[in-house]
Amino acid sequence: MSFDVENPPVEPPDECQHRLLWRLARALWEAHRPDSAGFCVVAGCWHTNQRDPCRLAQLAQDGMRTACGEATPASPPWIAVTRERLAAGDIDPVDAVAEALWHHRHTPRAGR
Ligand SMILES: [Zn+2]
1 MSFDVENPPV EPPDECQHRL LWRLARALWE AHRPDSAGFC VVAGCWHTNQ
51 RDPCRLAQLA QDGMRTACGE ATPASPPWIA VTRERLAAGD IDPVDAVAEA
101 LWHHRHTPRA GR
């Protein structure tokens with residue numbers, strides 16, 4: 001990983017080809033990331049050990065890993081959500097092009 005999952009940059013890192021997914025995951029991280037007191041300061045969600053990332057914070061980290069080409073258990077739902085956003089046109093044009101190219105390469109071919 002070329003980015004710190006505990007402190008990911010707002011802008012997608014260079015190797016990230018899945019820019020929209022990064023932004024979605026990064027926004028989720030922003031709400032659940034830790035400060036000196038523990039996780040989820042912005043979202044205010046409570047979980048058993050506030051020193052550990054909550055489920056959504058972990059999901060956000062998986063999303064950012066997915067955006068950088070790593071396969072995680074949460075990758076398929078993240079990609080599905082990103083596709084919905086793409087279909088809805090709810091994105092920056094630069095990101096839209098990057099996403100379209102990414103999906104083109106990652107879409108499984110039907111049949112042979
Ligand atoms: Zn949380």
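Just so you know, the UniProt record's numbering puts 11 at position 11 of the sequence shown, and the rest follows in order with no gaps.
Note that the Cβ used here is the ideal one computed from N, Cα and C, for glycine as well.
Item: Please name the residue or residues paired with Gly-38 in a DSSP beta bridge.; Value: Asp-35
Item: Compute the minimum distance between the beta carbon of Arg-16 and the heavy atoms of ligand 1, and state whether it is under 7 Å.; Value: Just to set this straight, residue 16 is Cys in the shown sequence, not Arg. Flag unset: Cβ of Cys-16 not near ligand 1.
Item: Leaving out the 5 sequence neighbours to the left and right, which residues in its chain are closer than 7 Å to Trp-22 when beta-carbon positions are compared?; Value: Pro-12, Cys-16, Met-64 and Ala-67
Item: If you run the structure through DSSP and keep just helix, strand and coil, what is Val-5?; Value: coil
Item: If I measure Cβ to Cβ from Pro-53 and keep anything under 8 Å in the same chain, skipping five residues before and after, which residues do I get?; Value: His-32, Pro-34, Phe-39 and Gln-61
Item: How far does the alpha helix (DSSP H) with Ala-87 in it extend, from its first residue to its last?; Value: 75 to 88
Item: For the putative contact between Arg-19 and Pro-8, defined by C-beta atoms under 8 Å, what is the C-beta separation to the nearest angstrom?; Value: Actually they are not in contact, since the Cβ atoms of Arg-19 and Pro-8 sit about 13 Å apart, beyond 8 Å.
Item: Gln-58 lies in the alpha helix (DSSP H); which residues open and close that run?; Value: 55 to 67
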